[in-house]
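Engineer: Okay, handing you the structure first.
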Amino acid sequence: MATDLKQAATDVRENAHAPYSNFKVGAAVRGASGAIYAGCNVENVAYPEGTCAEAGAIAAMVAAGETELTEVYVIAGSALPVSPCGGCRQKLAEFGAGDVPVTMATSGGVEEYTTLGALLPGAFGTAHMEG
Ligand code: THU
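Take the sequence shown: its position 38, counting from 1, is numbered 37 in numbering that gives the first Met the number 0, and each next residue is one higher.
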């Protein structure tokens with residue numbers, strides 16, 4: 000795992016807006032160009048309107064003109080490495096292949112490694128929409 004991706008996720012986590020859960024999350028994705036895009040969770044007083052860190056990183060990537068990601072890093076301050084929620088697994092699968100590596104980390108230094116395919120087996124995709 001490249002340290003630049005870890006650093007980006009760690010740094011952006013500081014900016015998370017999480018006054019309701021007090022659970023700050025940082026995410027960084029690497030686009031196919033090699034560029035890194037970071038995002039943090041942004042909560043809202045109307046709770047369901049909050050957005051996850053992964054969604055922010057993906058939005059930054061797409062806004063920059065990239066639609067393929069090759070690496071994912073997610074970090075939080077929990078004891079267990081943070082695991083992307085179901086919705087974020089689908090969002091990540093939109094832009095990444097099943098073999099894309101995903102690192103789930105704690106700010107205390109624990110890391111677990113998986114892939115997008117392992118996180119979302121049987122993912123709904125474009126093939127399911129064909130006649
Ligand atoms: N959260 C993320 O940003 N990413 C994850 O992978 C798990 C959960 C956020 C959503 C909410 O702001 C807070 O963590 C508690 O669920």
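No residue lacks a Cβ here, since even glycine has one placed at the ideal position from N, Cα and C.
Just so you know, these numbers come straight off a predicted model, no measurement behind them.
Can you find at least 3 beta carbon pairs, one from the region 57 to 75 and one from the region 88 to 97, that sit closer than 8 Å?
Structural biologist: yes
Engineer: Please report the residue range of the beta strand (DSSP E) in which C87 lies.
Structural biologist: If you number the sequence shown from 1, residue 87 lands on position 88. Unbroken run through C87 is the alpha helix (DSSP H), 85 to 94; no beta strand (DSSP E).
Engineer: Assuming contact is defined by CB atoms lying nearer than 8 Å, are A15 and C51 in contact in what I supplied?
Structural biologist: As a working note, residue 15 is residue 16 in the sequence shown. As a working note, residue 51 is residue 52 in the sequence shown. No, Cβ-Cβ distance for A15 and C51 is not below 8 Å.
Engineer: Between which two residues does the beta strand (DSSP E) carrying L68 extend?
Structural biologist: Here residue 68 refers to the residue found at position 69 when the sequence shown is read from its first residue. Where L68 is concerned, the enclosing beta strand (DSSP E) starts and stops at 68 to 75.
Engineer: What did DSSP end up calling L65 once you bin it into helix, strand or coil?
Structural biologist: In the sequence shown, residue 65 corresponds to position 66, counting from 1. Per the sequence shown, residue 65 should be read as Glu rather than Leu. Looking at E65 - three-state DSSP - the assignment turns out to be coil, as it is neither helix nor strand.
Engineer: Compare the beta carbon distance of G30 and E53 with 8 Å and say whether it is the shorter of the two.
Structural biologist: Along the sequence shown, one-based indexing puts residue 30 at 31. Along the sequence shown, one-based indexing puts residue 53 at 54. Against a cut-off of 8 Å, the Cβ pair of E53 and G30 comes out as no contact.
Engineer: Using 10 angstroms around the beta-carbon of V162, count the other beta-carbons present and answer buried if the total reaches 16, otherwise exposed.
Structural biologist: This structure leaves residue 162 out entirely; the chain is present only between 0 and 130.
Engineer: For V28, which residues does DSSP report across the bridge?
Structural biologist: Position 29 of the sequence shown, counted from the start, is the residue given in the question as residue 28. Its beta-bridge partners are Y36, V71.
Engineer: Comparing C-alpha positions only, which one of Q89, G124, T102, E67 sits nearest to L79?
Structural biologist: Working through the sequence shown from its first residue, we reach residue 79 at position 80. With distances taken between Cα atoms, L79 lies closest to T102.
Engineer: From what residue to what residue does the alpha helix (DSSP H) around A7 run?
Structural biologist: Numbered from its first residue, the sequence shown carries residue 7 at position 8. Per DSSP, A7 belongs to the alpha helix (DSSP H) from 2 to 12.
Engineer: Closest to T105 by CA distance: which of A62, R12, G85 is it?
Structural biologist: On the sequence shown, residue 105 is found 106 positions in, with the first residue counted as 1. Checking every option, the nearest Cα to that of T105 belongs to R12.
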